[in-house]
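Participant:
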């Protein structure tokens, strides 16, 4: 169980980091979202994995740690708000800058392929 | 338990909400309310400073939950010092903005108050996760402030700033939950107590969490190599926003001091696992900041690099890792925040008077108020590079005097002196170009009224005040550093804390 959860977190984090390093804003935002999912899961399992424990204190012999559950709720709310904000911001940047590259300008392509095309046409 | 402690958080929150609700009353009311509230906040911070100066820690348990289970606010000398620094900065910047430089739109004032709420909360809280929450509050306000005014340049800088900080927040959460997973508590004093008596097998995990936190705070504080977002963001922001942002890097430095000395440094000072990183990173930050000031093409960009230089200097102070050095660093922190804010405002005024040349460091039309602006630029420049008689000189001298060994002196002295020399070169180049190498006629456009100039003069007067009252300020910052280097008192205060008896309990005892 621990290995499965750890693997899920690891895969989500690495996908998130990979997408965050992309050059268009949309993949970057999806990457940030994946990263925040991974982080939320990570916070949640820091209260240790256990089965068969009631979530309410006092209704059983033992109970899971309630603090990570409170933390993950806070983190989900904040992460959700920030994702909404960055989504709107990227749309705004797309409108202001005319493209969706994270640097706000299209990368300058080398002139060679265009020249080659031009020569072909000649 | 005094309710005064939570007022620095509640006052900006209520003001911000009120400003949002009263938006249609018109700008005059909004400005009066905003400046008035900031003035009240300054008074409140000064009252708290007086209380903290007694050296007794005051705790405020939210909801009367006793620590370490509930969240506590803690007022010590460091928190009070940061509150006073921030509220002074905010008051002056808001007066500057209220003189007609808060356009377009009316969103700058409420956003500033939400930023203040986040900042004050971050300074006062004694809980690591609560620190994260207040960081998010101040960050989301700062996103809005950075984008204030619109335009492609701000959209581009804002996108980088927001994405970087979101990644930083994710790292913050990972490190906080890692530390919670090992220590089982989030109260910083309690964490410190548990780290001190930790199993050797758990230490690597705790150190990993600690170093991840260093990455997060390094991003906020703009320590090399994580400072690349800063120059473009600060240069893109409007004048008053850039001036207010002078405090943002200092928040990173503050949390660095607070968290490491409290959680990992129960035996005094910064923990050993951090120390190998401090010297090289401080020197690289200082060097790259200096190169940036020399290479900058716009005045605002140059001032932004001066902020990086000040971060490098402060990091050198932290690397010395002694109470005396921390005291000198805190003095330098006060000085550099205020004087960098003055320079940002000055750059804003200069920019509005140069027509299409804006604040590019090239030959342009003469300024309408060349004499007074030039004089203030000279004074602020003298202070920021660390020449007598202003506060930068005192801060640097104090820092240099705190070296323990010749080896430290051989690194620190040349670094600080050379950085000073190169920043003098850079500032004299930009000053002489902007004020003397002029051509054409005075356009007279964008003549600044009395209020903006008086605000800049007030910042310079603060710098002069810091150097005239240097003895008492330094005494306070030294006492602050001593308090930070002896965190056992804090741990004791948390352990001795007794929640207020609730009326319910009282009824049960005496029916």
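Residue numbers (the working numbering), protein chains in the order written: chain B, 2 to 123; chain H, 56 to 566. Note that the Cβ used here is the ideal one computed from N, Cα and C, for glycine as well.
Measure the alpha-carbon distance for residue 439/H versus residue 9/B and round it to whole angstroms.
Facilitator: So the alpha carbons of these two residues sit roughly 50 Å apart.
Participant: Is there a Cβ of chain B sitting closer than 8 Å to that of residue 159/H, yes or no?
Facilitator: So no, residue 159/H is outside the interface.
Participant: Using a C-beta to C-beta distance shorter than 9 Å, which residues of chain H count as neighbours of residue 94/B?
Facilitator: Chain H residues near residue 94/B: 207, 210, 211, 213, 214.
Participant: Decide if the segment 54-73 of chain B is in contact with the segment 242-251 of chain H; the criterion is three or more beta carbon pairs, one per stretch, under 8 Å apart.
Facilitator: Segments in contact, no.
Participant: In chain H, which residues lie less than 7 Å from residue 3/B when you measure between Cβ atoms?
Facilitator: Those do not exist, as residue 3/B stays about 12 Å from chain H at its closest Cβ, beyond 7 Å.
Participant: Report the residue from 351/H, 66/H, 476/H, 543/H whose alpha carbon sits nearest the alpha carbon of residue 320/H.
Facilitator: If we check each option's Cα against that of residue 320/H, 543/H comes out closest.
Participant: Starting from residue 216/H, follow the alpha helix (DSSP H) in both directions and report where the run begins and ends.
Facilitator: That run of the alpha helix (DSSP H) goes 207-238.
Participant: Just the chain B side, please: which residues come within less than 7 Å of residue 228/H by C-beta, in chain order?
Facilitator: Per Cβ cutoff of 7 Å: 40, 44, 76.
Participant: Report the option in 70/B, 104/B, 36/B, 109/B whose CA atom is closest to the CA atom of residue 208/H.
Facilitator: Out of 70/B, 104/B, 36/B, 109/B, 104/B has the C-alpha closest to the C-alpha of residue 208/H.
Participant: Let me know if residue 184/H comes out buried or exposed under the rule of 16 or more other beta-carbons within 10 Å of its beta-carbon.
Facilitator: With 16 or more Cβ atoms within 10 Å of its Cβ, residue 184/H is classed as buried.
Participant: Per DSSP, residue 180/H is paired with what?
Facilitator: Partner(s): 128/H.
Participant: Taking DSSP's pairing of strands, which residues face residue 356/H in a bridge?
Facilitator: Bridge partners of residue 356/H: none, in fact.
Participant: For a quick check, are the C-beta atoms of residue 169/H and residue 177/H less than 8 Å apart?
Facilitator: Not closer than 8 Å, so no.
Participant: Let's see if you can read the secondary structure: which residues bound the beta strand (DSSP E) around residue 115/H?
Facilitator: Here the beta strand (DSSP E) through residue 115/H covers 113-116.
Participant: Looking at C-alpha atoms only, which residue of 253/H, 192/H, 290/H, 240/H is the closest neighbour of residue 67/B?
Facilitator: Checking every option, the nearest Cα to that of residue 67/B belongs to 240/H.
Participant: Please tell me whether residue 121/H has its Cβ less than 8 Å away from any Cβ of chain B.
Facilitator: Judged by the 8 Å Cβ criterion, residue 121/H is not in contact with chain B.
Participant: State the DSSP-derived secondary structure class of residue 457/H, mapped to helix, strand or coil.
Facilitator: Residue 457/H: coil per DSSP, three-state reduction.
Participant: Is any beta-carbon of chain H found at less than 8 Å from that of residue 105/B?
Facilitator: With 8 Å as the cut-off, residue 105/B counts as an interface residue toward chain H.
Participant: Chain B partners of residue 198/H, CB-CB under 7 Å?
Facilitator: The contacting residues are 86.
Participant: Going by beta-carbon coordinates alone, are residue 290/H and residue 330/H separated by less than 8 Å?
Facilitator: Contact flag unset, no.
Participant: If contacts are defined as beta-carbon pairs under 8 Å, then residue 110/H and residue 538/H qualify, I think. What distance do you get, rounded to the angstrom?
Facilitator: Correct: roughly 7 Å between the Cβ atoms.
Participant: In chain H, what lies closer than 8 Å to residue 1/B by C-beta?
Facilitator: Nothing about residue 1/B can be read from this structure; chain B reaches only from 2 to 123.
Participant: What number of angstroms, rounded off, separates the C-alpha of residue 28/B from the C-alpha of residue 18/B?
Facilitator: Approximately 10 Å between the Cα atoms of the pair.
Participant: Taking Cβ-Cβ distances below 7 Å as the criterion, which residues of the segment 9-21 of chain B are in contact with chain H?
Facilitator: From the segment 9-21 of chain B, only 21 have a Cβ closer than 7 Å to chain H.
Participant: Just to confirm, are residue 457/H and residue 375/H a CB contact at a threshold of 8 Å?
Facilitator: Their beta carbons are under 8 Å apart, which means residue 457/H touches residue 375/H by this criterion.
Participant: Determine whether the Cβ of residue 188/H lies closer than 8 Å to any Cβ atom of chain B.
Facilitator: Taking Cβ atoms only, chain B reaches closer than 8 Å to residue 188/H, which makes this a yes.
Participant: Taking the alpha carbon of residue 196/H as the point to measure from, which residue in 265/H, 216/H, 228/H has its own alpha carbon closest?
Facilitator: Taking only the C-alpha atoms, the option nearest residue 196/H is 216/H.
Participant: Does the structure place the segment 396-416 of chain H close enough to the segment 377-386 of chain H that three or more beta carbon pairs sit under 8 Å?
Facilitator: At 8 Å Cβ cutoff, the stretches do not touch.
Participant: Strictly under 8 Å for the Cβ-Cβ distance: is residue 50/B near chain H by that measure?
Facilitator: With 8 Å as the cut-off, residue 50/B does not count as an interface residue toward chain H.
Participant: Compute the Euclidean distance between the alpha carbons of residue 351/H and residue 357/H, then round it to the nearest angstrom.
Facilitator: Rounded to the nearest angstrom, the two C-alpha atoms are 5 Å apart.
Participant: If you draw a straight line from the C-alpha of residue 49/B to the C-alpha of residue 373/H, how long is it?
Facilitator: The alpha-carbon atoms of residue 49/B and residue 373/H are separated by roughly 36 Å.
Participant: Please report the Cβ distance between residue 142/H and residue 92/H, rounded to the nearest whole angstrom; I am assuming they are in contact, meaning their Cβ atoms lie under 8 Å.
Facilitator: The Cβ separation is near 10 Å, so there is no contact.
Participant: What residue from 188/H, 83/H, 120/H, 132/H has the CA that sits closest to residue 155/H's CA?
Facilitator: It is 83/H.
Participant: Pick helix, strand or coil for residue 264/H, following the three-state DSSP scheme.
Facilitator: Helix at residue 264/H.
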